[in-house]
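Residue 268 is where the sequence shown ends in my numbering, and the numbering goes up by one at each step. No residue lacks a Cβ here, since even glycine has one placed at the ideal position from N, Cα and C. Below you'll find the structure, written out as structure tokens, and then a few comments.
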Amino acid sequence: MLLGTLCSALSTGLGACLIWLFKDLNHKGKDSLLAFSAGVMLSAVVYGLLPEAKAHGSVLVLILGVFIGVVTLHAMERTLPHMDLVHNNQMDIKTILVVGALVLHNIPEGLSVGVSYADKTESIGGAVAFAIGLQNLPEGLLCALFLSRSMAKWKTVIISTLTGFVELIAAYIGYGVAYWIEGLIPLGLSFAGGAMLYLVFVELIPESHGDGNARISTYPFVGGILLMMILLQTWN
């Protein structure tokens, strides 16, 4: 678990390092990255977390967990602004708040990794960790691009990396709770799935359409779904 969780968390910082290669990425490219992340995350939920939750519990538990996950993320996001790493040009207090929103988004991702490892099925734990790490790469790059408007690139990499450590902490909390209370595994998996679905449909997809790139963003979105489907199938 340690290696998979650590790699998943550090991938945000790794993605931020790409800022030296993609420092002039246009809105179309940024929207495509967001759409790809959304596709990967959606596929990880639909073909990874939720089927595993169903295998360990009933449909009722699955539905309840997803609902609680969505409501929880909605309630938490009321304290932070809509995450806009692409179209926000204000660099005042909103910079801090947007980074806070990114930290918030890493919590359900970390929980999903931790709970996935807790069900003692190494394949699903590793697959979910890989999926989260994969979608963290473009997320880290976008965070670094946003922060680079007001600070040095090396500082953006450090901050982006630190946001990933929240995911690491959340993963171990999720793992500890689900491991010692085995009956919580299906609820935990479905809760994490619901929270991630909220992020996909409320944050990532709308943001990927922010500059009228809805049609273009469809292709990386579908590509992310298909890639994750193939990887999950191969992993299992």
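Could you tell me the alpha carbon to alpha carbon distance between residue i and residue j, rounded to whole angstroms?
i, j, result
"G256", "S249", "11 Å"
"I90", "G220", "In the sequence as displayed, the identity of residue 90 is Ser instead of Ile. So the two alpha carbons sit approximately 13 Å from each other."
"A176", "H137", "16 Å"
"I205", "Y211", "10 Å"
"A163", "L231", "15 Å"
"Y207", "G142", "9 Å"
"H241", "L169", "20 Å"
"L174", "V102", "24 Å"
"E109", "G132", "10 Å"
"D243", "F233", "17 Å"
"M123", "M260", "Caution applies to M123, whose pLDDT of 48 falls short of 50 and renders its modelled position unreliable; the model cannot decide the point."
"V145", "R181", "32 Å"
"P140", "V147", "10 Å"
"K86", "V93", "8 Å"
"V209", "L50", "35 Å"
"G215", "M183", "47 Å"
"L38", "I201", "10 Å"
"S222", "L82", "6 Å"
"Y251", "P218", "32 Å"
"D151", "R247", "39 Å"
"G172", "P238", "18 Å"
DSSP on residue i, reduced to helix/strand/coil?
i, result
"D63", "helix"
"L53", "coil"
"M261", "helix"
"G71", "helix"
"G242", "coil"
"V232", "helix"
"R110", "coil"
"S222", "helix"
"V254", "helix"
"I237", "helix"
"I213", "coil"
"I90", "The sequence as given places Ser at residue 90; Ile does not occur at that position. It is coil, neither helix nor strand."
Leaving aside the five residues before and after residue i along the sequence, list all residues of the same chain whose C-beta is less than 7 Å from its C-beta, in chain order.
i, result
"L57", "L177"
"V77", "G225, M228 and L229"
"L166", "V72"
"G80", "I156, A159, V160, A163 and L264"
"A48", "G172, L173, C175, A176, T188, V189, S192 and T193"
Please work out which residues of its chain come closer than 8 Å, Cβ to Cβ, to residue i, disregarding the five sequence neighbours upstream and downstream, and give them in chain order.
i, result
"W267", "S155, G158, A159 and F162"
"L236", "L66, A67, S69, A70 and M73"
"W299", "The requested residue 299 is not part of the displayed model; the chain covers only 33 to 268."
"K55", "L177, S180 and K185"
Going by beta carbon distance, what residues of the same chain come within less than 6 Å of residue i, once the five residues before and after it are set aside?
i, result
"S75", "I257, M260 and M261"
"G36", "G158 and A161"
"Y149", "M33, G157 and Y207"
"F253", "A67, A70 and G71"
"L105", "A227 and Y230"
"E84", "I156 and L221"
"S40", "V145, A161, I164 and G165"
"A203", "T37, G142, V145 and G146"
"E199", "A41, N138, E141 and G142"
Are the C-beta of residue i and some C-beta of chain C separated by less than 8 Å?
i, result
"L166", "Among the protein chains of the structure shown there is no chain C, as only one such chain exists."
Tell me the start and end of each unbroken alpha helix (DSSP H) in the segment 130 to 209 that is at least 4 residues and wholly inside, in chain order. Contiguous alpha helix (DSSP H) elements confined to the segment 130 to 209 occur at 154 to 179, taking only those with 4 or more residues.
Within the chosen definition, does the segment 193 to 200 reach the segment 40 to 56 through at least 3 CB pairs nearer than 8 Å? yes
Can you find at least 3 beta carbon pairs, one from the segment 84 to 102 and one from the segment 182 to 193, that sit closer than 8 Å? no
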